[in-house]
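In this note's numbering, the protein residues as written are 283 to 950.
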């Protein structure tokens with residue numbers, strides 16, 4: 283019996299691989315379905331002995347998402363190279379750091395999907411994580427098991443045994459041509475359509491019900507062998523071949539190059555072919571092939587030095603502005619939005635684009651009725667880059683920016699210090715809706731299912747007056763909303779309850795404090811340890827934190843002075859960041875070369891941007907200024923250094939080369 287059932291599992295795994303990995307099916311679908319039915323019948327006789335890697339165990343219903351688990355090593359993002367000059371600059375940096383040693387490069391299509399890591403122990407899939415914030419990922423094991431291209435057990439032989447531990451990384455995606463079918467189903471169910479295949483893939487992997495994930499046409503390409511025990515791999519291309527032997531699906535359009543000139547030729551080929559690719563691709567990933575060289579090059583805090591993203595140029599098209607509407611943001615900023623004649627661009631139908639602010643409309647002389655050039659930057663965000671004034675017919679309408687908030691009719695406020703026009707009414711319903719949507723966003727508490735339509739209903743029906751009210755919602759209240767049945771209500775309330783586990787930094791981002799994004803929130807929580815501790819600090823104390831300026835300090839201090847009731851409500855709701863006792867002593871940076879010193883940065887650095895360099899200095903206790911003065915301790919000067927360099931020489935300020943700077947970073 284056991285021998286028969288194991289043979290049947292092995293046969294099904296073989297045919298799964300031929301169909302989903304190799305794209306070479308050997309039997310009809312009906313025959314495969316019959317094999318699965320036979321296995322299910324055999325397993326019913328002994329349900330307690332079904333192994334987790336059985337082909338029948340891909341779909342398991344409800345899943346417990348949300349456990350934040352640290353990655354074995356950070357899932358870093360890639361730097362971008364736009365155009366030939368920047369990819370050649372990448373090569374110059376690589377050659378310089380490798381002291382002109384010969385370098386081979388390997389290129390892969392950069393899939394625009396959801397990055398994940400997969401962990402195998404003794405050949406069996408045991409855990410899958412999203413990228414998350416790069417340090418911690420969300421456990422989505424149950425949903426990834428439903429993807430047929432994810433092997434539940436590695437293909438291993440005596441000559442090619444599975445290692446004790448194997449971690450790989452890949453990109454989950456949905457083919458472009460299948461997005462329309464998914465959106466038809468979503469709209470029929472009263473749900474918002476996905477804007478693009480990437481959002482569809484991400485939403486499908488992060489849903490609470492793995493049966494939904496299983497119905498979506500998800501696929502995956504594995505792009506790296508991140509960690510293993512017992513394998514001696516010399517190059518990235520060798521690693522990919524090993525992964526294919528284990529049964530992983532890798533992108534077929536991977537190529538080895540002897541030079542960056544070859545890379546550029548390969549890139550130019552795919553620029554002309556990009557529309558024919560059946561999945562969203564926004565460029566090439568260029569990697570140093572030799573793994574020892576990768577280790578020698580290392581990484582910055584943000585990205586590896588041995589790889590970069592060679593981005594495709596943005597898609598462009600023309601369309602007409604039908605109208606201009608004004609949206610009110612979560613901090614009261616009024617943003618003009620161009621309502622466009624619908625147009626296809628990079629696989630998506632574009633119906634609107636931001637015009638940023640009142641000044642931008644004046645500078646570009648944008649009018650209702652104008653023909654405009656539309657660009658989808660990064661193949662995601664549409665923007666207007668030009669107005670074709672030569673096509674005007676004379677009936678175009680000059681847009682008058684409103685003097686009253688379009689939501690609450692409060693007089694707007696204009697300041698000499700900024701281009702933004704603001705509604706200063708804290709009770710404005712449009713601001714409230716945006717604040718709640720932001721609180722639920724991925725940058726904050728990640729409340730799946732709390733989209734704009736639901737937020738609008740919650741506010742319009744008086745169920746939510748601030749973000750804390752989300753935690754007092756009752757199922758009978760939510761169920762009465764349009765298109766909110768038992769299932770959606772249960773999922774939404776489950777997600778809201780789960781969001782209580784969010785970190786203090788995530789909650790702080792979600793509070794929509796002006797000038798407080800992810801980086802600032804981390805700095806503040808690192809110093810004060812808790813939101814309560816931060817809420818009791820005055821502006822002067824907050825400003826003393828390295829990397830926090832007077833504007834941020836005043837904004838944070840004012841927010842907590844005006845929103846004490848909100849903080850008390852969040853605390854009473856039981857958010858973990860308020861209820862957990864803080865036992866850690868305040869973080870004090872170890873004394874480093876950077877501690878207490880003032881730096882300025884100029885020119886082009888070897889392997890990071892000036893912004894990244896500034897961040898590295900700040901987290902080590904240093905301060906960065908925009909100019910060189912007598913109080914500057916060091917100037918970091920890269921290629922093309924200008925007036926700051928001359929000023930430093932004049933004032934006898936010590937000058938560090940990029941190499942000196944990197945050496946100090948590594949020591950501190």
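We put the CB at the ideal spot given by N, CA and C, even for glycine. These numbers come from a predicted model, not from an experiment.
Anticipated Cβ contact below 8 Å, residue i with residue j, distance rounded
i           : j           : result
residue 849 : residue 812 : The Cβ separation is near 11 Å, so there is no contact.
residue 892 : residue 794 : Contact doesn't hold; Cβ gap of about 29 Å is too wide.
residue 578 : residue 380 : 6 Å
residue 796 : residue 613 : 5 Å
residue 623 : residue 599 : Not really, about 11 Å apart at Cβ, beyond 8 Å.
residue 378 : residue 385 : In fact, because the Cβ distance is near 11 Å, the residues do not count as touching under 8 Å.
For residue i, the residue or residues it bridges with in DSSP
i           : result
residue 881 : 906, 916
residue 892 : Answer by DSSP bridge pairing: none, since residue 892 is not bridged.
residue 510 : 448
residue 350 : 420
residue 397 : 453
residue 518 : According to DSSP, residue 518 bridges with nothing at all.
residue 827 : None, per the DSSP bridge assignment.
residue 565 : 593
residue 696 : 703
residue 665 : 636, 657
residue 679 : 650
Through-space distance from residue j to residue i, alpha-carbon basis
i           : j           : result
residue 680 : residue 648 : 7 Å
residue 422 : residue 483 : 13 Å
residue 698 : residue 371 : 40 Å
residue 389 : residue 535 : 8 Å
residue 591 : residue 666 : 24 Å
residue 646 : residue 669 : 7 Å
residue 563 : residue 515 : 28 Å
residue 772 : residue 509 : 38 Å
residue 756 : residue 675 : 56 Å
residue 571 : residue 395 : 23 Å
residue 948 : residue 906 : 19 Å
residue 331 : residue 427 : 19 Å
residue 808 : residue 410 : 29 Å
residue 286 : residue 292 : 10 Å
residue 814 : residue 298 : 53 Å
residue 320 : residue 497 : 22 Å
residue 560 : residue 673 : 35 Å
residue 392 : residue 432 : 19 Å
residue 322 : residue 288 : 12 Å
residue 329 : residue 309 : 28 Å
residue 581 : residue 476 : 34 Å
residue 711 : residue 576 : 52 Å
residue 860 : residue 791 : 15 Å
residue 903 : residue 414 : 27 Å
residue 898 : residue 800 : 16 Å
residue 884 : residue 416 : 28 Å
residue 650 : residue 713 : 26 Å
residue 720 : residue 737 : 11 Å
residue 556 : residue 495 : 27 Å
residue 739 : residue 593 : 40 Å
residue 412 : residue 723 : 16 Å
residue 937 : residue 943 : 10 Å
residue 543 : residue 769 : 55 Å
Spatial neighbours of residue i in its chain, beta-carbon cut-off 7 Å, leaving aside the 5 residues before and after
i           : result
residue 404 : 444, 446
residue 910 : 882, 917, 926, 929, 930, 933, 935
residue 343 : At residue 343 the pLDDT is 42, less than 50, meaning the model places this residue with poor confidence and gives no usable figure here.
residue 913 : 880
residue 835 : 821, 824, 825
residue 607 : 619, 621
residue 788 : 726, 727
Own chain, CB closer than 6 Å to residue i, minus 5 neighbours either side, in chain order
i           : result
residue 731 : 773, 774, 777
residue 783 : 858
residue 695 : 704, 706
residue 533 : 390, 391, 503
Own chain partners of residue i with C-beta closer than 8 Å, once the 5 adjacent residues on each side are dropped
i           : result
residue 702 : 615, 616, 639
residue 474 : 468, 733, 734, 735
residue 626 : 599, 632
beta-carbon residue i near the ligand PLP non-hydrogen atom, thresh 7 Å
i           : result
residue 631 : What this structure holds is no ligand at all, so the ligand PLP is not there to describe.
- request: Determine contact between the segment 519-531 and the segment 348-363, defined as no fewer than three beta-carbon pairs at a distance below 8 Å.
  value: no
message: Count Cβ pairs between the segment 551-565 and the segment 397-411 that sit closer than 8 Å; are there 3 or more?
response: no
query: Is the segment 706-721 close to the segment 680-689, with three or more CB pairs under 8 Å?
result: Judged by Cβ distances under 8 Å, the segment 706-721 makes contact with the segment 680-689, as three or more pairs qualify.
message: Can you confirm whether the segment 734-745 touches the segment 760-771 when touching is taken to mean that 3 or more C-beta pairs between the two stretches lie within less than 8 Å?
response: Contact between the segment 760-771 and the segment 734-745 is present, because at least three Cβ pairs lie under 8 Å.
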